[in-house]
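Visitor: Chains as they are written, first to last, in our numbering: chain A, 76 to 164; chain B, 76 to 164; chain C, 76 to 164; chain D, 76 to 164; chain E, 76 to 164; chain F, 76 to 164; chain G, 76 to 164. All C-beta atoms, glycine included, are put in the ideal place defined by N, C-alpha and C. Computed from a predicted structure; not experimentally measured. Here it is, the structure, as structure tokens.
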């Protein structure tokens, strides 16, 4: 199912943080920071004064408190405003 | 009776959450989360700077605290702004 | 006297809630919820970015905390913004 | 002296509330509610997105907490925004 | 020195309140209300959506908490927005 | 080095307040008010709805809490919005 | 990897503050102020009412509490709005 969203929103699939430190130690789940990196899976149509600059497929970094978590078919997505995007990698 | 709304609002009929877990256990009513999935039954005319992208009949996911509950003829509806829509399924 | 209002406001005459339950029990006044259903008796001229979609004579549902109560000739009216209208029946 | 005001403001001369109840009992001054009815004595030029709909001479009802009290030549006026007007009688 | 200001601001020279009551009693300084009447000595160029309606030389009444007190060459001025003007006398 | 700024901001070099009273008494540093007079050393390009009215070289008075203090090459500047300017002398 | 950002945001690489005082004393890390000087490594496309005036390569000063810290490939960047820029050196 292809998800859609509205206005200046984007749907982001979080990219799991590395569960190992550089030295190979496995970090238990609760010690991992909430991921802030994600892949854009859908973008809204934009607003009259804000065209969409983020595109489907972009990998982005976003703020720790940005967006709303939504579960669809056992997958977790973040829905946020385009303005919550910090960096497009 | 066909309900109508105004501006950038939409009327949503909540879709009941599944009352059974995957393993078949029935969840008592009070343990179920407030539904966040619904079917759009009416959309307003939009605003000058916000045309309606959500259409009647769309199934949507919306934020847990979005909208106002309204009862009409013993049915419960949520009235919310288009911008409260997170995902169109 | 024909009442008028300004801008995007509407004047609403509340419709009394039913004082009987389905089973015929009369509910004392203090146990009745504040009415949220009303008949539009006047609409303002709208704003440059918000034309009036609600019309005189419409029956509407509005939020419990919407509007300001005003008494004119011993009748009670609610004056509210068009955006406080949830549903047009 | 003809008073003037600016922008979307109006100058209102409050109309004294009746000091007698229907049954003829005189209400002492402190028991009377602050008047909310007034006569418009001047209107500003409006704003680019808000033309004036209220006219000089209109009798209006306004919110209890609307406007600023101003004394000119021992008369009390209320200066408020047009949007504080609830009803034009 | 001719003072100037910017945008939708105005420079006002407060007019001293009468230091005598009608019956001729002189009121000590601390018992006098802060003046709210003033003479406009300069007006800004206005804003794109707010042309200046107040003119140099106008006598105005303004809100008790409006504006910022500024001292120039031992004279006290109030700098405020045009929208702080209540009445032009 | 010529400093620049953006949008509707201005860079102001504070003018030291007189350290002597009229009668010649030197005021210790801590008793002097924070200067509110300054010389404009740079202005931004303005905003689409706010052209710059303040010019480089203007001597201005500004509010006590306006702007942000910034040190460049051991000199202290205040960066503020044009709308923080009260008076152009 | 060339970083990008959106809207009126800029990506800034902080410039380390000098770790020595003028007299040659080395300041331990914790006593150093958070850097407020940085080099612009990317600018967004701007907004309809705010073109970008800051350019890639500019050295800027920004407010102490401006922006969000983001780590990419073990380098720390600040992502902020153009309006958080105080001075372009």
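State the DSSP-derived secondary structure class of residue 123/C, mapped to helix, strand or coil.
Guide: Looking at residue 123/C - three-state DSSP - the assignment turns out to be coil, as it is neither helix nor strand.
Visitor: Thinking C-alpha only, which one of 164/G, 152/G, 111/G, 133/G is nearest residue 163/A?
Guide: Of the candidates 164/G, 152/G, 111/G, 133/G, the one whose C-alpha sits nearest the C-alpha of residue 163/A is 152/G.
Visitor: On the criterion of 16 or more Cβ atoms from any shown chain inside 10 Å, does residue 62/C qualify as buried, or is it exposed?
Guide: Because chain C spans 76 through 164 in this model, residue 62/C falls outside it and cannot be assessed.
Visitor: Measure the Cβ-Cβ separation of residue 129/G and residue 157/A and say whether it is below 8 Å.
Guide: No, they are not a contact pair.
Visitor: Per the DSSP calculation, residue 137/E is bridged to which residue(s)?
Guide: Answer is 160/E, bridged to residue 137/E.
Visitor: Let me check understanding here. Comparing Cα to Cα, which of 134/D, 146/D, 78/D lies closest to residue 161/D?
Guide: The shortest Cα separation from residue 161/D among 134/D, 146/D, 78/D belongs to 134/D.
Visitor: As a quick exercise: from 119/F, 138/F, 143/F, 140/F, pick the residue whose alpha carbon is nearest that of residue 127/G.
Guide: Out of 119/F, 138/F, 143/F, 140/F, 119/F has the C-alpha closest to the C-alpha of residue 127/G.
Visitor: State the DSSP-derived secondary structure class of residue 113/G, mapped to helix, strand or coil.
Guide: Correct three-state label for residue 113/G: strand.
Visitor: Can you name the residues of chain E whose CB is closer than 8 Å to the CB of residue 163/F?
Guide: Those are 78, 79, 80, 81, listed as they occur along chain E.
Visitor: Just confirm the distance between the C-beta atoms of residue 136/A and residue 111/A, as a whole number of angstroms; I'd bet it's less than 8 Å.
Guide: Their Cβ separation, rounded to whole angstroms, is 6 Å, which keeps residue 136/A and residue 111/A in contact under 8 Å.
Visitor: When Cβ atoms are compared, which residues of the segment 118 to 149 of chain D fall closer than 8 Å to chain E?
Guide: Under the 8 Å Cβ criterion, the segment 118 to 149 of chain D contributes 119, 120, 122, 123, 124, 143, 145, 147.
Visitor: Compare the C-beta of residue 86/A against all C-beta atoms of chain B and say whether one is closer than 8 Å.
Guide: So yes, residue 86/A belongs to the interface.
Visitor: Does the beta carbon of residue 90/G sit closer than 8 Å to a beta carbon anywhere in chain A?
Guide: Not one chain A Cβ lies under 8 Å of residue 90/G.
Visitor: Identify whether residue 80/F lies in helix, strand or coil by the three-state DSSP scheme.
Guide: It is coil, neither helix nor strand.
Visitor: Pick helix, strand or coil for residue 146/A, following the three-state DSSP scheme.
Guide: It is a strand residue.
Visitor: Counting only beta-carbon separations shorter than 8 Å, does residue 154/A have a partner in chain B?
Guide: Closer than 8 Å: yes.
Visitor: So for residue 88/D, helix, strand or coil by DSSP?
Guide: Three-state DSSP puts residue 88/D in a strand.
Visitor: Sort 84/D, 138/D, 87/D, 83/D by Cα distance to residue 144/C and report the nearest one.
Guide: The residue with the shortest Cα to Cα distance from residue 144/C is 138/D.
Visitor: How about residue 160/B: is its C-beta nearer than 8 Å to some C-beta of chain A?
Guide: So yes, residue 160/B belongs to the interface.
Visitor: What number of angstroms, rounded off, separates the C-alpha of residue 83/A from the C-alpha of residue 124/A?
Guide: Near 10 Å, if we compare the C-alpha coordinates of residue 124/A and residue 83/A.
Visitor: If you measure between the beta carbons of residue 90/G and residue 113/G, is that distance less than 8 Å?
Guide: Result yes, Cβ atoms of residue 90/G and residue 113/G sit closer than 8 Å.
Visitor: Does the Cβ of residue 159/E have 16 or more other Cβ atoms within 10 Å, making it buried, or fewer, making it exposed?
Guide: With 16 or more other Cβ atoms within 10 Å, it is buried.
Visitor: Based on the DSSP secondary-structure assignment, which residues constitute the bridge partners of residue 118/C?
Guide: Per DSSP, 85/C.
Visitor: For residue 180/F, which residues in the same chain have their Cβ closer than 8 Å to its Cβ, ignoring the five residues on either side in sequence?
Guide: For residue 180/F there is no data in the structure shown, the boundaries of chain F being 76 and 164.
Visitor: Would you list the one or two residues that DSSP bridges to residue 129/E?
Guide: Paired residues: none, contrary to the question.
Visitor: Do you know offhand how far residue 149/E's Cα is from residue 132/E's?
Guide: Spanning the two alpha carbons is a distance of roughly 21 Å.
Visitor: With a threshold of 8 Å between beta-carbons, can residue 109/A be considered close to chain G, or not?
Guide: Low per-residue confidence applies at residue 109/A: pLDDT is 49, beneath 50, and the placement is therefore not dependable enough to give any value.
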